[in-house]
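Note sheet for the following structure.
Protein chains in written order, with this note's numbering: chain A, 1 to 379; chain B, 380 to 758.
Structure (structure tokens):
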């Protein structure tokens, strides 16, 4: 990305809120009502409403994809490198929408919201939501915004799972899909990591069955530190930290942090506790566990994907061991079997799973070309 | 392994204890005294004392490599498949020794031992021990057993680190070394996993600064579950568990265990708490973190290994991502640069790190051949 592009930003943006008064009947059978979705939009919707792109965020993400909420903000939105005037998701061409998921803690209804029946926070009375539920709620937002068809739905990691669900649940509502660094069914290894993370939270006495005023910060930090290891590759950790000591020339011979990588993890854990709700972490990781497009087809991938109609660009990263390229290939093989128009790219990267937030250049070019071709198709 | 071999066992064995009254000055500068080492022996020491093999155990292992402690024992020692009459480590030919490490909790002096200065358990007053300290203590046992030179020192995982330390600290005390599924310097990824495991233990209020009567079972179980994920490969988890549900046909839509892999982890965590001391877990993982043969050579592998003299068989497993084959290759390149007689085998296996305990057949043949060649050398 050239320096000029880097300087360009959508500028100051204001989060919006959309309320679904009647709520939703969820996959678990319960009704969640009312539902608030926090979302942001950038760019202008065309007269034909044919330039709208929905961006889906990952586990700990939010609706704030690009720009700044106030001039004092130190940091822009989480995909600033990709969304803005002249960028890959070009806000001069496209109308970009991003909605915080239900179950989250960044403005949408989640376990830390007030339960209208009790006047208290939901806590563990919040119903379990699935990726499909998240998408059904977003569909209501889409209708509210008077968008009939997304030009594209794109997202990485858990965002990619929402992309796939969109393509399966509302095949006529999108022209194209870009699932990035994701999987069409979560592996037992990921389920296992999620389990250990949740155990850490729920074992923290401060969690108190989900009824806390102060976060169960130790448990949540442990869950986050663990997850962070899975976001990096062994190679990127070696390059970034190696066996570097943080504070002195020699080992301390105690249990405080010695190594840079330990300091880094501690910092990541502490920062996360400040911004993310522990119960939301439980609910969202469970939604991820349950994600499997083949759960009604006895594991048959092509059958699981057969309702998909849209063009697809599938992207994986060579060193991503949380969602290994093989999981993308499995998905692509299923799509091809169904005769879908699908492109696949396994981007060479040493960054591990985090590559989807870091490999702006390669990923940006790839997506830009894909989006341009959509427009050519249209002409 | 044929059925006859499987039936053969060293039979009933009795753990022995060796006390080093004067103790040891440890790498951290403190003196640990007295030191008890719990060890087991199988087979008979030859007249020339030239048939002794030392087997080193891994993190949660112990001195009980083979046989049974009583006829009621349901399970034999941890490497029963490899050690016994007619097996790879043939107790009709070799005199096999295995010693529990210091810092451990299976009969040797560790944090759960009584501190003679206070009459209470050491707890966190136990000094930090390193892999080198473990080896120095074993050297005293070697002298006590009147063994001048080990025919071989062999071990997997942390056992392999002890093997390397033996070869570096006492190069004239062994004919050969077999480090298996290990590394010559622990990677930041492993340090990171160890950090998170220790945080889980030390965050459990029951840990109480290391002074507990009842184990901090939640924290220790979390540490163990996490470690267990790193012992399996993604593929072996997929084959073993897939997305199988444990109890019902459909998701429970709650946070109790749904998936077989969750049940498995919970079981592993609970079993571990019954047999392993939480403080020992802290101390041993820290010893692993500190293991780096190049820490005095600015990262130069050949220099770090230059004191080694013995023949070496290095073994890794293709799907081991905790100690990836590349870490073995790095070690082998250093040895070759130093002109050592080294063989290397990267065994094709889908079992991940656990392969060193499971690939009996291939590993057994490999080691048998290596040991036979040593005898031929001798003749």
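The C-beta atom is built at its ideal place from N, Cα and C for all residues, glycine as well.
Local conformation of residue i per DSSP, three classes
| i | result |
| --- | --- |
| residue 36 of chain A | strand |
| residue 151 of chain A | coil |
| residue 496 of chain B | coil |
| residue 108 of chain A | coil |
| residue 648 of chain B | helix |
| residue 564 of chain B | strand |
| residue 450 of chain B | coil |
| residue 462 of chain B | strand |
| residue 1 of chain A | Confidence is the limiting factor: at residue 1 of chain A the pLDDT is only 38, short of 50, which leaves the residue's position unreliable and the question unanswerable from this model. |
| residue 6 of chain A | Caution is warranted here: a pLDDT of 46 is assigned to residue 6 of chain A, below 50, making its placement in the model unreliable, and no coordinate value can be reported. |
| residue 399 of chain B | strand |
| residue 661 of chain B | helix |
| residue 420 of chain B | strand |
| residue 672 of chain B | coil |
| residue 634 of chain B | coil |
| residue 77 of chain A | coil |
| residue 103 of chain A | coil |
| residue 245 of chain A | strand |
| residue 749 of chain B | helix |
Residue i to residue j span [Cα, whole Å]
| i | j | result |
| --- | --- | --- |
| residue 703 of chain B | residue 746 of chain B | 20 angstroms |
| residue 611 of chain B | residue 374 of chain A | 43 angstroms |
| residue 571 of chain B | residue 256 of chain A | 13 angstroms |
| residue 245 of chain A | residue 258 of chain A | 6 angstroms |
| residue 680 of chain B | residue 594 of chain B | 40 angstroms |
| residue 576 of chain B | residue 655 of chain B | 14 angstroms |
| residue 148 of chain A | residue 176 of chain A | 13 angstroms |
| residue 267 of chain A | residue 423 of chain B | 55 angstroms |
| residue 462 of chain B | residue 133 of chain A | 55 angstroms |
| residue 737 of chain B | residue 660 of chain B | 23 angstroms |
| residue 199 of chain A | residue 230 of chain A | 17 angstroms |
| residue 35 of chain A | residue 178 of chain A | 27 angstroms |
| residue 725 of chain B | residue 739 of chain B | 14 angstroms |
| residue 28 of chain A | residue 600 of chain B | 30 angstroms |
| residue 362 of chain A | residue 86 of chain A | 16 angstroms |
| residue 766 of chain B | residue 615 of chain B | Since the first residue shown for chain B is 380 and the last is 758, residue 766 of chain B is missing from the structure and cannot be characterised. |
| residue 115 of chain A | residue 122 of chain A | 5 angstroms |
| residue 759 of chain B | residue 701 of chain B | Here chain B has residues from 380 to 758 only, and residue 759 of chain B is not among them. |
| residue 531 of chain B | residue 475 of chain B | 10 angstroms |
| residue 394 of chain B | residue 552 of chain B | 24 angstroms |
Residue i, enclosing beta strand (DSSP E) - first and last residue
| i | result |
| --- | --- |
| residue 688 of chain B | Segment: none, residue 688 of chain B is in no beta strand (DSSP E) and carries neither H nor E. |
| residue 54 of chain A | 52-56 |
| residue 328 of chain A | Careful: residue 328 of chain A lies outside any beta strand (DSSP E), inside the alpha helix (DSSP H) at 325-337. |
| residue 722 of chain B | 721-726 |
| residue 735 of chain B | Per DSSP, residue 735 of chain B belongs to no beta strand (DSSP E); it is in the alpha helix (DSSP H), 734-737. |
| residue 63 of chain A | First-last for residue 63 of chain A: undefined, no H or E at that position. |
| residue 180 of chain A | 176-180 |
C-beta atoms of residue i and residue j nearer than 8 angstroms
| i | j | result |
| --- | --- | --- |
| residue 418 of chain B | residue 442 of chain B | yes |
| residue 715 of chain B | residue 687 of chain B | no |
| residue 536 of chain B | residue 670 of chain B | no |
| residue 182 of chain A | residue 161 of chain A | yes |
| residue 331 of chain A | residue 187 of chain A | no |
| residue 98 of chain A | residue 65 of chain A | yes |
| residue 667 of chain B | residue 573 of chain B | yes |
| residue 689 of chain B | residue 546 of chain B | yes |
| residue 658 of chain B | residue 598 of chain B | no |
| residue 693 of chain B | residue 721 of chain B | yes |
| residue 17 of chain A | residue 107 of chain A | yes |
| residue 490 of chain B | residue 409 of chain B | no |
| residue 538 of chain B | residue 603 of chain B | no |
| residue 131 of chain A | residue 70 of chain A | no |
Range covered by the alpha helix (DSSP H) that runs through residue i
| i | result |
| --- | --- |
| residue 478 of chain B | Looking at the DSSP string, residue 478 of chain B is not in any alpha helix (DSSP H); the run it does join, the beta strand (DSSP E), is 474-478. |
| residue 142 of chain A | 131-144 |
| residue 230 of chain A | 217-231 |
| residue 299 of chain A | Neither: residue 299 of chain A is in no alpha helix (DSSP H) and is coded neither H nor E. |
| residue 162 of chain A | 158-169 |
Those residues which DSSP pairs with residue i across a bridge
| i | result |
| --- | --- |
| residue 12 of chain A | A:68 |
| residue 313 of chain A | A:343 |
| residue 469 of chain B | B:463 |
| residue 619 of chain B | Bridge partners of residue 619 of chain B: none, in fact. |
| residue 426 of chain B | DSSP lists no partner for residue 426 of chain B. |
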